[in-house]
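So the structure is just underneath, and the comments pick up after that.
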Amino acid sequence: MKTEKTALFGLNGATTGRADLQTDIAVAAAAGYDAVELRDAKLDAYLRAGGSLAGVRVLCRDSNLSVAGLNALEDSTLTAGPARQALLERCRQMCAWARDLACPFVIAVPSFLGGEDPKTMTAQTVDALRQMGAVAGEYGVRIGFEFIGFPTCSVRTLGEAQRIVVEVADPAVGLVIDAFHFFAGGSTWTMLDAVDPHHLFVVHLDDAEDRALSDLTDRHRLLPGDGVFPLKEFVRRLQASGYSGVYSLELFRPEYWQWDAFHLARVGLEKMQLLFGDL
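Now the structure itself:
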């Protein structure tokens with residue numbers, strides 16, 4: 000008897016490291032994923048080498064994959080003057096790509112700290128997200144704001160990110176939750192339970208080594224279930240909230256980049272699927 004699918008699973012291009020965009024799409028399809036999250040640097044390289052957005056659409060269509068997100072607008076919130084204009088120009092380019100790829104979300108991550116006053120920092124972040132949201136709206140796509148749990152980041156917790164998105168008050172701007180950053184930055188279950196699933200665009204799944212949270216870096220990420228984070232409870236609460244979007248495997252661990260890309264994708268999908276057993 001065929002069972003109902005529990006969740007949608009995606010492969011983020013950061014997981015495969017140096018593999019190119021075509022490889023990411025091919026291994027995601029072969030391993031059985033529902034979607035891919037494309038990295039902008041890989042898409043840039045593909046287009047510079049003579050590829051086209053139409054070509055990416057065909058690759059994904061023929062592979063039965065959707066494009067869950069386009070990563071990432073970095074250092075996106077504490078900019079001003081020419082730096083802000085450059086950010087918005089990049090945002091416009093990525094939103095145009097996303098529209099042409101039938102990709103609903105462009106993901107933006109906050110800036111790192113530079114001595115800003117907290118009140119000013121929040122106001123700048125809200126203003127930047129409103130401007131990015133306005134650009135995204137022109138292209139019929141949305142901005143997913145992903146907080147970063149590292150101590151030097153300007154928005155570290157889900158609670159902070161949620162308050163900022165509420166203040167932005169634009170349906171074109173919502174949240175991305177990365178499990179690694181959720182736990183590394185000290186976010187709580189109360190924060191997670193308070194999220195409106197309609198404001199949550201994408202979830203990244205990953206685990207981590209047993210280290211002090213303040214010492215964690217991207218190279219300490221692990222495949223889901225291989226580390227110390229309570230990921231089963233994490234996904235249980237998200238499922239109970241009504242979230243129905245993509246759960247995407249996002250690993251930046253250099254060790255994994257030495258693996259065969261298909262093997263890594265297949266093992267990653269199997270480990271994500273195990274989290275959803277008996278939910």
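Residue 150 in numbering that gives the first Met the number 0 sits at position 151 of the sequence shown; the count goes up by one each step and never skips. Using N, Cα and C, we set each Cβ at its ideal position, and we do this for glycine too.
Exposed or buried, what is Ala97 when buried is set at 16 or more other beta-carbons lying within 10 Å of its beta-carbon? By the beta-carbon neighbour count (other beta carbons within 10 angstroms, threshold 16), Ala97 is buried.
Tell me, which residues are paired with Cys152 by DSSP? Phe111.
Per DSSP, Ala34 forms a beta bridge with which residues? DSSP output for Ala34 lists Gly9, Ser65 as bridge partner(s).
Alpha-carbon spacing of Asp126 relative to Gly244, whole angstroms: Approximately 27 Å, taken between the alpha carbons.
CA-to-CA distance, Leu273 to Ala168, given in whole angstroms: Here the C-alpha atom of Ala168 lies approximately 36 Å from the C-alpha atom of Leu273.
Give me the residue from Ser75, Tyr242, Gly80, Arg236 with the minimum Cα distance to Phe200. Nearest option by C-alpha distance: Tyr242.
In the stretch 72-137, which residue ranges form an unbroken beta strand (DSSP E) of at least 3 residues, counting only runs that do not cross its ends? Qualifying beta strand (DSSP E) stretches, in chain order: 104-107.
Leaving out the 5 sequence neighbours to the left and right, which residues in its chain are closer than 7 Å to Glu208 when beta-carbon positions are compared? The answer, listed in chain order, is His219, Leu221, Gly226.
Using alpha carbons as the reference points, say which of Ala18, Ala6, Leu7, Thr5 lies closest to Phe316. What is shown of the chain runs 0 to 278, which leaves residue 316 out entirely.
Cα separation between Thr22 and Asp116? A direct Cα-to-Cα measurement between Thr22 and Asp116 gives close to 44 Å.
Is it a yes or a no for the stretch 256-263 touching the stretch 228-240, going by three-plus beta-carbon pairs under 8 Å? Contact check between the stretch 256-263 and the stretch 228-240: fewer than three CB pairs, one atom from each, fall below 8 Å, which does not count as touching.
Measuring only the C-alpha atoms, how far is Val175 from Val202? Each residue's Cα considered, the two are about 6 Å apart.
Taking C-alpha atoms, which residue in Gly31, Ala13, Met271 lies nearest to Glu254? Checking every option, the nearest Cα to that of Glu254 belongs to Ala13.
Going by DSSP, what residue range makes up the alpha helix (DSSP H) through His197? Per DSSP, His197 lies in no alpha helix (DSSP H) segment and is marked neither H nor E.
Buried versus exposed, by CB contacts within 10 Å (16 or more), Asp39: By the neighbour-count rule (16 or more Cβ atoms within 10 Å), Asp39 is buried.
Would Leu157 and Val194 be called neighbours here (beta carbons separated by less than 8 Å)? Yes. Within cutoff.
Quick one: Cα of Cys102 to Cα of Pro109, how far? Whole-angstrom Cα-Cα distance: 21 Å.
If we ignore side chains and look at the alpha-carbon of each, how far apart do Ala25 and Val266 end up? Each residue's Cα considered, the two are about 15 Å apart.
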